[in-house]
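Enquirer: Handing you this structure, nothing more for now.
Number of protein chains: 2
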Amino acid sequence: MQQPLQRGAGDCHGQPAGGPAAGPAAARPGREPGPVRPATVFLSPGPTAVPDEVRAACARQVVLHRSREFDQVSGFVLEGLRRLFRTEGRVVVFPCSGTGALEAAVVNTLSPGDRVLAVVMGLFGDRFAAIAEAYGLEVDRLEIPWGQVPTVEQVVERLRSARPGAVFLTHSETSTGALLPLDRLVPAIREAAPETLVLVDMVSSFAAVPVAMDAWGIDVAVTGSQKALMTPPGLGIVALGPRALEAVERARLPRFTWDLRPYLAGGGDFPYTPAVTLWFGLKAALERIAAEGEENVYRRHRLLSAMVRAGVRALGLEPLVRDEDASPTVTAVMLPEGIRPAKVIRRLQDEHGVVVVSAQGHLKDRAFRIGHMGAVAPAEVRAGMAALDAVLAPMLAGAGHGPVPGSAAAAAEAVRAAAAGSSGADAPARAAGVGR
Amino acid sequence: MQQPLQRGAGDCHGQPAGGPAAGPAAARPGREPGPVRPATVFLSPGPTAVPDEVRAACARQVVLHRSREFDQVSGFVLEGLRRLFRTEGRVVVFPCSGTGALEAAVVNTLSPGDRVLAVVMGLFGDRFAAIAEAYGLEVDRLEIPWGQVPTVEQVVERLRSARPGAVFLTHSETSTGALLPLDRLVPAIREAAPETLVLVDMVSSFAAVPVAMDAWGIDVAVTGSQKALMTPPGLGIVALGPRALEAVERARLPRFTWDLRPYLAGGGDFPYTPAVTLWFGLKAALERIAAEGEENVYRRHRLLSAMVRAGVRALGLEPLVRDEDASPTVTAVMLPEGIRPAKVIRRLQDEHGVVVVSAQGHLKDRAFRIGHMGAVAPAEVRAGMAALDAVLAPMLAGAGHGPVPGSAAAAAEAVRAAAAGSSGADAPARAAGVGR
């Protein structure tokens, strides 16, 4: 079944009255009556905009987590996640952040004295490594300049010399917008170091970029509810292949709340109270992904990324990451001398209702990040690009970088139109008015 | 400001259409059209029924967690929680279960080699102890028979001989319904062992039973969103007094996600994505508590407990816990030989829409538990007692224990009426129709 993404979530974002799921309590705090404010276009790399039906599901009354009713919800969700991970293994969902789920991956597979090779391409790769260090593990960091990805050979060579118990990878590095080619990298790692476990942070790629956990040889994959899964933050997700399930039994790092064993034992009962309403939301989100069609979801994310990249280039700006390594979910945009990212971000939000976020680490004052994952339609990216035109063209000219070569909105629209024209598969999307 | 509890949440519990916050997605999974089913009366010890306005708040669109908008929400929530804890210290809210928050309390205050005295009155006291053991700490368990509480002298004596680094207490033991007298116990502990940190599990007491963290000398208190705070599960809450804040700096157990230091540093920024929609819900719940009046909330919970205890006794049954030690939030009811708790629970739910839960551990086949915390009105407890009458009177008679001495509903109503008659403060509740 295919059904194109309907706009909606982004449109009502920030409007006091909200959608059908929102009562008077949905009014934004501190928002005084005043001039009409623009509807929010939420281009955040997480949390991302939550579609109306997911919000409505999150508003359902709670049920007992040890009940037939909740068993049906959790069964549906776990099966849907396994399908998206492409694994015959097991999936466990914790009430936690993505970071918590990464910690769960570490403490359930490793033991004191284990060595880890961490491929660090940015802030989140660094965090993954820091978790292992917090438990006293010896971590060898393969530091890649922010915005780049390592070659397969780089990783394999380091692996051969280090012989670690596990390698940590970040699929989509949210701080830079770089994407690791897992399809080539993981099989090469498995061949070069057959005993090494492969743990992958998929927080900002899962459900936006296709993965094939079992086919590629990934042992543990981690994600969260609040990115391309379009659900409010609060669920951390860990998927485990067969070798990881064995490692869980052997691991000797201290663990209690993160301990996967009670989740994996028997019928999958919950040892501690799960965040039931977020599970309701995640179920609705998975239904939405199934309705749009998984391949269409992936295609849409590639399109959104291409629109953003064409848009910023039309303004004479450059994404941090080159095309070949670009994540379909988030783009860091470099700004030239004299243009302060904080000011761009504030003006986009205050004057145009477009939410983008700052870059991180040493890029904080040199770049900003545009998220384009989850419930984002091409029209929203185009609206974001139109706001970029309005804010950045005069700023660039004023700082001596103008006039800008073109229009971000026009360039983004050209990409969208070309994609729609080149593919019969996009006909349903056109018919439904996506990208109007 | 005082405003009596309005019924509502319990009434729409389980009805397919749901309240104003629920769209079509709120229909229960697997519920086929058929005969009219009773509205659910949700007497669960957690998760508890979520009031409509809290559900609506949870359905709000997400916002960036690093934003002025969310700062206002988190500031309100943290201040409201500090007020309820009666502490001048700090409060941190994690996206996690109550168990996760207990683990955070342990790893942030203790170090390898530390000894712990754990007062174990049931399943949750046992879990608290098990967390410390998972980290290799030496735990001395003061095991109290289920359903009882220790005397102050028992704890103090054991403390004097053990000289532990910390003592673990469970305020309301959810598995038995016993309540520790913290007001007498904690000052005695602090006097007998001035160097010992006092860590208290308040998961099923907070916001239902008054506490005075600073005045009594509690160093760390832990609770969760899904009990008397009337919010969906997914938020774990840790409150820290001044000695605990010092301990956080010294502690040397491994910690990453639970590490309180980044939360406590500087302006209280969030190191990892918080569960923003559950924070919206918790804000609405705290507003509801303020509207009802904190003292009225505590009084209502005492009334609900007295109604339940009178009700079950009218059937010739006995609560597990004697009156002096009874928790105002949950009551375990012992069943006589020949009456299977699972059957009672199933019939209450299927025939009367009344949700109660099984007992735990060795009591699983001898008792069931009635939760009466959070958004529960006296009328709902009375409805639950009427269902008990309908289910248990014939079962007891059939098993040779009848005829029962009286009616649970009538006894519960008599308690309510007496309380309403004896106190002018209940006049507003009567005027608003609570307990009709």
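Those protein sequence lines, which keep their order, are chains L and V. FYI, in the UniProt record's numbering the residues of the first sequence are 1 to 436. FYI, in the UniProt record's numbering the residues of the second sequence are 1 to 436. We put the CB at the ideal spot given by N, CA and C, even for glycine.
Of all Cβ atoms in chain V, is any one closer than 8 Å to the Cβ of Val-50 (chain L)?
Expert: yes
Enquirer: Less than 8 Å between the beta carbons of Val-139 (chain L) and Ala-192 (chain L), yes or no?
Expert: no
Enquirer: Can you check whether the C-beta of Thr-223 (chain L) is within less than 8 Å of a C-beta belonging to chain V?
Expert: Cβ-Cβ to chain V under 8 Å: no for Thr-223 (chain L).
Enquirer: Taking only beta carbons into account, state which residues of the stretch 149 to 180 of chain V come closer than 7 Å to chain L, listed in chain order.
Expert: none
Enquirer: If we require 4 or more residues per run, which alpha helix (DSSP H) segments fall completely within the stretch 356 to 435 of chain V?
Expert: 378 to 398, 408 to 422 and 427 to 431
Enquirer: Buried or exposed: where does Gly-177 (chain L) fall if 16 or more other Cβ atoms within 10 Å of its Cβ makes it buried?
Expert: buried
Enquirer: Let me see if you follow: with CB-CB separation under 8 Å, is Ser-111 (chain V) close to chain L or not?
Expert: no
Enquirer: Less than 8 Å between the CB atoms is what I'm expecting for Ile-117 (chain L) and Ala-57 (chain L), so what's the real figure, rounded?
Expert: The sequence shown places Leu at residue 117 (chain L), rather than the Ile named in the question. With 8 Å as the limit, Leu-117 (chain L) and Ala-57 (chain L) do not qualify as a contact, their Cβ atoms being about 40 Å apart.
Enquirer: What's the C-alpha gap between Leu-304 (chain V) and Ala-367 (chain L)?
Expert: 57 Å
Enquirer: Under the assumption that Val-357 (chain L) contacts Pro-45 (chain L) (Cβ atoms under 8 Å), give the Cβ distance between them as a whole number of angstroms.
Expert: 6 Å
Enquirer: For Leu-199 (chain V), tell me which candidate among V:Asn-296, V:Ala-239, V:Val-330 and V:Gly-374 has the shortest Cα-Cα distance.
Expert: V:Ala-239
Enquirer: Using a Cβ-Cβ distance under 8 Å, would Tyr-263 (chain V) count as near chain L?
Expert: no
Enquirer: Output yes if chain V places a C-beta closer than 8 Å to the C-beta of Ala-228 (chain L); else output no.
Expert: No, because no Cβ of chain V sits closer than 8 Å to the Cβ of Ala-228 (chain L).
Enquirer: Provide the residue span of the beta strand (DSSP E) that contains Ala-221 (chain L), from first to last.
Expert: 220 to 224
Enquirer: Among the residues of its own chain, which have a CB less than 8 Å from the CB of Arg-309 (chain L), if the five just before and after it don't count?
Expert: Excluding residues up to 5 positions away in sequence, Pro-319, Asp-323, Ala-326 and Thr-331 lie with their Cβ nearer than 8 Å to the Cβ of Arg-309 (chain L) in the same chain.
Enquirer: With H, G and I counted as helix, E and B as strand and the rest as coil, what does DSSP make of Asp-350 (chain V)?
Expert: Looking at Asp-350 (chain V) - three-state DSSP - the assignment turns out to be helix.
Enquirer: Does the distance between the C-beta of Gly-353 (chain V) and the nearest non-hydrogen atom of the ligand SAM fall short of 7 Å?
Expert: As presented, the structure is devoid of all ligands, the ligand SAM included, so that no description of it is given.
Enquirer: Return the residue from the list V:Ala-188, V:Val-77, V:Val-91 and V:Glu-287 that minimises the CA-CA distance to Pro-262 (chain V).
Expert: Comparing Cα-Cα distances from Pro-262 (chain V) to each of V:Ala-188, V:Val-77, V:Val-91 and V:Glu-287, the minimum goes to V:Val-91.
Enquirer: In this structure, does DSSP put Gly-236 (chain L) in helix, strand or coil?
Expert: strand
Enquirer: Within 10 angstroms of its Cβ, does Arg-382 (chain V) collect 16 or more other Cβ (buried), or is it exposed?
Expert: buried
Enquirer: Straight-line CA distance for Met-202 (chain V) to His-171 (chain V)?
Expert: 5 Å
Enquirer: Val-54 (chain L): which of L:Ala-251, L:Pro-232 and L:Ala-265 sits nearest, CA to CA?
Expert: L:Pro-232
Enquirer: Please state whether the Cβ-Cβ distance between Thr-109 (chain V) and Ala-166 (chain V) is less than 8 Å.
Expert: yes
Enquirer: Please compile the residues from chain A whose C-beta is within a distance smaller than 7 Å of the C-beta of Ile-131 (chain L).
Expert: Absence of chain A from the displayed structure is noted, the protein chains being L and V.
Enquirer: So, for Pro-271 (chain V): in the same chain, excluding its five sequence neighbours on each side, which residues have a beta-carbon less than 6 Å away from its beta-carbon?
Expert: Closer than 6 Å at Cβ, skipping near neighbours: Pro-262.
Enquirer: Which residues in chain L sit within 8 Å of Tyr-298 (chain V), going by Cβ to Cβ distance?
Expert: Within chain L, no residue comes near Tyr-298 (chain V); the closest Cβ sits about 23 Å away, beyond 8 Å.
Enquirer: Which residues in the same chain have their Cβ closer than 8 Å to the Cβ of Arg-66 (chain L), if we skip the five residues on either side of it in sequence?
Expert: Asp-269 and Phe-270
Enquirer: I need the boundaries of the alpha helix (DSSP H) containing Leu-335 (chain V), first residue and last residue.
Expert: Where Leu-335 (chain V) is concerned, there is no enclosing alpha helix (DSSP H), given that its DSSP letter is neither H nor E.
Enquirer: Compare the Cα-Cα distances from Gly-371 (chain V) to each of V:Ala-265, V:Ala-399 and V:Arg-302 and report the closest residue.
Expert: V:Arg-302
Enquirer: By Cβ distance, which residues of its chain are closer than 8 Å to Ala-25 (chain V), with the 5 residues on each side in sequence left out?
Expert: Below a pLDDT of 50, predicted positions are generally treated as unreliable, and Ala-25 (chain V), at 37, falls in that range; no measurement from the model is reported.
Enquirer: Flag this pair as yes or no: are the beta carbons of Gly-293 (chain L) and Pro-38 (chain L) separated by less than 8 Å?
Expert: no
Enquirer: Rounded to whole angstroms, what is the Cα-Cα separation between Ala-417 (chain V) and Val-186 (chain V)?
Expert: 35 Å
Enquirer: Below 7 Å CB to CB, which residues in the same chain sit around Arg-141 (chain L) once its five sequence neighbours on both sides are set aside?
Expert: Ala-118, Val-120 and Ala-129
Enquirer: Would you list, in chain order, the members of the stretch 309 to 342 of chain L that have their beta-carbon closer than 9 Å to a beta-carbon of chain V?
Expert: none
Enquirer: Please list the partners that Val-376 (chain V) has in chain L, where partner means a Cβ-to-Cβ separation under 8 Å.
Expert: Ordered by position in chain L, no residue passes the 8 Å Cβ test against Val-376 (chain V), which lies about 13 Å from the chain.
Enquirer: Count the other CB atoms, across all protein chains shown, that sit within 10 Å of the CB of Arg-60 (chain L); report buried if there are 16 or more and exposed otherwise.
Expert: With 16 or more Cβ atoms within 10 Å of its Cβ, Arg-60 (chain L) is classed as buried.
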